[in-house]
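Before any comments, here is the structure.
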Amino acid sequence: KHASFRDRGFIDLARKHAVAIALIDADKHAPIADVTGAFVYARLQRTSENESTGYAPPMLDLWAERARAWAKGLAPHDLATLAETVPRQMPREVFIYMISGAKVRAPAAAMALIERLK
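Be aware that the sequence shown starts at 3, since it is given in this note's numbering, and climbs by one per residue.
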């Protein structure tokens with residue numbers, strides 16, 4: 003979460019040792035979208051109590067698209083990365099957690115995302 007992790011050297015080190023970096027989608031943190039491990043771990047923290055599904059439908063569609071890209075070993079086209087190199091293309095497991103934000107909406111957000119991924 004700390005800004006000091008937004009460093010190419012950190013990305014290279016994590017990738018060298020196949021350590022996945024959590025992509026945190028939150029208002030108070032700039033995300034690190036570089037894929038560095040054999041799986042992708044994303045923590046989505048922007049749920050809104052004003053949305054019955056926690057996230058607006060277009061955002062859920064976007065996260066589903068990103069998850070599909072990661073699962074195929076690709077990088078989502080809309081997320082900026084820090085490293086100059088790209089990871090080895092290979093299928094990856096994707097773990098997405100709806101956590102924080104309007105916590106009461108997290109279960110609905112997770113279920114809505116799962117529906118999009120079916």
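Each residue gets a CB set at the ideal place from its N, CA and C atoms; glycine is no exception. Owing to the predicted nature of the structure, the values given are computational and were not obtained by experimental measurement.
8 Å CB neighbourhood of residue i in its chain, flanking five on each side removed
{"i": "Thr-38", "result": "Ile-13, Ala-16, Arg-17, Ala-20, Val-21, Ala-22, Ile-23 and Pro-89"}
{"i": "Ile-101", "result": "Arg-45, Leu-46, Gln-47 and Ala-108"}
{"i": "Ala-40", "result": "Ala-20, Ala-22, Met-92, Arg-94 and Glu-95"}
{"i": "Glu-51", "result": "Ala-104, Val-106 and Arg-107"}
{"i": "Gly-11", "result": "none"}
Three-way DSSP call (helix, strand, coil) for residue i in this model
{"i": "Met-92", "result": "coil"}
{"i": "Met-84", "result": "Reading off the sequence, residue 84 comes out as Leu, not Met. It is coil, neither helix nor strand."}
{"i": "Leu-64", "result": "helix"}
{"i": "Ala-5", "result": "helix"}
{"i": "Ile-34", "result": "coil"}
For residue i, the first and last residue of its enclosing alpha helix (DSSP H)
{"i": "Ile-26", "result": "Segment 25-27 is the beta strand (DSSP E) holding Ile-26; no alpha helix (DSSP H) there."}
{"i": "Ala-114", "result": "108-119"}
{"i": "Lys-18", "result": "10-18"}
Contact set for residue i: own chain, Cβ-Cβ below 6 Å, skip 5 residues either direction
{"i": "Glu-117", "result": "none"}
{"i": "Tyr-99", "result": "Arg-45"}
{"i": "Ala-114", "result": "Thr-55 and Leu-62"}
{"i": "Tyr-57", "result": "Ala-111"}
Span of the beta strand (DSSP E), counted from its first residue to its last, around residue i
{"i": "Arg-48", "result": "Looking at the DSSP string, Arg-48 is not in any beta strand (DSSP E), and its letter there is neither H nor E."}
Contacts around residue i, its chain only, beta-carbon distance under 7 Å, and the 5 residues preceding and following it disregarded
{"i": "Gly-34", "result": "The residue asked about is misnamed: residue 34 is Ile in this sequence, not Gly. These residues qualify, in order along the chain: Phe-7, Arg-8, Ile-23, Leu-25 and Leu-84."}
{"i": "Ala-73", "result": "Pro-93, Arg-94 and Val-96"}
{"i": "Asp-36", "result": "Ile-13, Ile-23, Thr-83, Leu-84 and Ala-85"}
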